[in-house]
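For the protein sequence lines, the chains are A and B, in the order given.
Add 24 to the 1-based position in the first sequence for our numbering, that's all there is to it.
Letter 138 of the second sequence, counting from 1, is numbered 132 in our numbering, and no numbers are missing.
One structure below.
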Amino acid sequence: MLSAELLIQSVMFGFLQGGLYALASLGLMITWGVLRLVNVAHGEFLMVGAYASYWALTLMKGVAITTQVAAALLTSALLGLGLALLLYFSVIKQLAKVEVLASLLGLFGLSLIMINIIILIWTVDVRGVVLDFGYVTIGPVTLIGSRLVAFMIAIVLVGFLFLFLYKSYWGSALRAVMQNRRAAALVGINMDAIYMLGFTIGIVLASIAGGLVSWSIAHVEPFMGGAYTLKSFAIVLIGGVTNPVGILISAITFAAIESVFAVLTDPVYSMALALAVIVSAIVVRGEKLFG
Amino acid sequence: MAKHIRLVSPIRPLELTPITALTAVLIAVPFVLTTYQTSITFEILRYAILGMALNLFYGLLGYVNFGQVAFYGLGAYATAVSVIVGVPLFLAPFVGGLIVAGLAYLLSLPLLRTRGIYFAIATLGLAETIRLSFLKIPFLGGSYGLVLHTSYQLVEAYYTLLAIFASLLAVTYLILKSSIGVELRAIREDEEAAESMGVNTVKYKRLVFTLSGFYTALAGGVFAWLSTYVNPETVFQTLTTIEMYIVVLIGGAGTMLGPVVGGIIFYISKINLLVNYPELHFLMFGALLTITVRLAPRGIVGGLEQYVRMRRIAKLRGRRA
């Protein structure tokens, strides 16, 4: 049964996970809001980022732990950047212009390709590196150090993203395109540049989130992406596609609820919860969902 | 409703010759070909039916149901349960199909309030929710699934599937020839305009959603019969939805014979890829998907129809000049 202690523990546990969810969901928000692209391969970009970081960590064994973390972060960010630019110019630029089905199928095909390339390189074994940051005990709650560090990195990155979105020209332009693309084009925003920027930022955020997963949750496998895609969609739908603050709040709330749910029942139900949220949010609020 | 439905273009027996010939050839298959070849034909028929059922909804109406596989899986499960409670085997897929048609109608009430991309995400989410719940429902066997306790009856299942195939062809033909087809295409081109012209959009959308669900469930039911067991991981794969779209897109969305041609080409290439490149076949599958979408937006039959139409127009212009 659920004691008060276990409840607080699992809420805190979910809270830390929420940082990673926020990073991934904000990435999804940007690709969706800017390109109007339903990126069903979002989780796969996260997965690729996780493998990149895992690979960097296996190469850096024995180095100081902060260097390891920095190297892993940099690797997944750079790989995400490269992948995003490559795919943007080869596939996404065209996909964003065609109808819904074509983009959905094209992106699904892309996710199959990514999963299978990863399987060819790393097989289907579960990977992961546990970085030892010790434990932090606050009253009745014990937090795992690596997850706390990952959470803090995620929150710092989210902070930078907010600064970018609200204080810079390109950030304001991104938000303008998300809110009303026709009006944004009319006031002279360079749409091609914004599409590229939006897609790149979205993918890099997912990739970094994956990198953090690889050494905090330390569960990396080729099929991990689907769950992250679905959860990110649920979070974005609750938070609102043009509302970064709402997404940050909904990510942390969602993760906390999911964590309590997983303790009470089966983890499968927490997935079903995410999906139920998606379906009911769309059906009840419909197109009003997006302002 | 009945008095509004009428034929808008005449039924020409000549048009039906290729289909009748095809069906006649298919009837002979189990007598002429080996068991293995019959089972290949069975699979091609199954994909053709899945494609045609999807085509009714996606091809004619233009709505993207990204959770189409839910009908298939529910049909397989409903059939399995019917068999277990004692419904005769050859009836079970139809009982399953009717149950799923009822469910589809109920689901259409909330789902069809959404459109476009939102409809696609909602259906995808719903299908995944159903798959996950079936993994956990105890009396449906959880992830282990259900076993039908029958033998492998290829010929019986084959003829049932062939009958379903023929009736679906007839239904598609009649819809394309009748006012329903015109109204569905009007909704596809511009839903607001169709509605303001007096098309009862809600009624037609529900009708084809239910019909598409019914036929998809029938295919799932016959599949359950032949494979003698069902479990969530085989009948609720999102990949199956994708396969259905590939079949429709290769052949040509919105055409009558497109999904049949698509089913043949898709299954033959699928089995060849599987045999020759077992590790790479998923990768090639993904590539095939992306390439089809990029290069052949109208599909084979759609492209041919377009070509014939252009030729006819060119000829008319030439005559006038």
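All residues carry an ideal CB built from backbone N, CA and C; glycine is no exception.
- A distance of 8 Å or more separates the beta carbons of B:I294 and B:G248.
- Assignment of B:Y223 by DSSP, reduced to helix, strand and coil, places it in the strand class.
- With respect to the 8 Å criterion, B:L178 and B:V216 are not classified as neighbours on the basis of their beta carbons.
- Legend: CB atoms of the stretch 294 to 310 of chain A lying less than 8 Å from CB atoms of chain B belong to residues M295, A296, L299, A300, I302, V303, I306, V307 and G310.
- Of all alpha-carbon atoms in B:Y152, B:D184, B:M46 and B:T234, the one lying nearest the alpha-carbon of B:L20 is that of B:Y152.
- Per DSSP, the unbroken alpha helix (DSSP H) holding B:T29 starts and ends at T29 to L48.
- Take A:I137, set aside five residues on each side of it, and no residue of its chain has a beta-carbon closer than 6 Å to its own.
- The beta-carbon of A:L229 is placed no less than 8 Å from the nearest beta-carbon of chain B.
- Between A:G222 and A:L59, the CB-CB gap stays under 8 Å.
- Residue contact with chain B for A:I137: present (Cβ-Cβ distance below 8 Å to some residue of chain B).
- Each of A:A108, A:K255, A:Y112 and A:S77 was checked against the Cα of A:T99, and the nearest Cα belongs to A:S77.
- Contact between the stretch 88 to 95 of chain B and the stretch 31 to 47 of chain A is absent: fewer than 3 CB-CB pairs across the two stretches fall below 8 Å.
- Here B:L20 carries a helix assignment [DSSP, helix/strand/coil].
- Cβ atoms of B:A211 and B:Y66 come within 8 Å of each other, at about 7 Å.
- Three or more Cβ pairs closer than 8 Å define a contact, and the stretch 218 to 234 of chain B falls short of that threshold against the stretch 103 to 114 of chain B.
- A Cβ of chain B is located within less than 8 Å of the beta carbon of A:V124.
- Taking C-beta separations shorter than 6 Å and ignoring five residues to either side along the sequence, the partners of B:T73 in its chain run A86, P87, G90, G215 and A218, following chain order.
- At least one CB atom of chain B sits nearer than 8 Å to the CB of A:L254.
- Straight through space, the alpha carbons of A:T166 and A:A28 are spaced by roughly 14 Å.
- The stretch 228 to 243 of chain A and the stretch 120 to 131 of chain A do not touch, with fewer than 3 CB-CB distances between them shorter than 8 Å.
- In the structure shown, B:T235 adopts helical secondary structure according to DSSP, grouped into three states.
- Listed by position along chain A, the residues whose Cβ is nearer than 7 Å to that of B:R200 form an empty set, because the closest Cβ is around 15 Å away.
- A distance of 8 Å or more separates the beta carbons of A:A46 and A:I225.
- With contacts defined by Cβ atoms closer than 8 Å, A:G67 and A:T253 form a contacting pair.
- Residues of the stretch 50 to 63 of chain A with a C-beta less than 8 Å from any C-beta of chain B: R60 and V62, listed in chain order.
- Looking at B:T232, B:E185 and B:L68, the one whose alpha-carbon comes closest to that of B:G139 is B:L68.
- The alpha-carbon of B:V63 is positioned some 7 Å away from that of B:A121.
- Collapsing the DSSP output to three states places A:L155 in coil.
- Closer than 7 Å at the C-beta level to chain A, one finds these residues of the stretch 100 to 113 of chain B: P104, L105, R107, T108, G110, I111 and Y112.
- Counting the other Cβ atoms within 10 Å of the Cβ of A:A65 gives 16 or more, which makes it buried.
- Around the beta-carbon of A:I145, fewer than 16 other beta-carbon atoms lie within 10 Å, marking it exposed.
- At a cut-off of 8 Å between beta-carbon atoms, B:Y239 makes contact with chain A.
- Among the residues facing chain B, A:V292 is included, as its CB has a counterpart in that chain under 8 Å away.
- Around the beta carbon of B:Y71, 16 or more other beta carbons sit within 10 angstroms, so the residue counts as buried.
- Here A:V87 carries a coil assignment [DSSP, helix/strand/coil].
- Excluding sequence positions up to five before and after A:H243, its CB lies within less than 8 Å of the CB of V150, G152 and V237, all in the same chain and listed in chain order.
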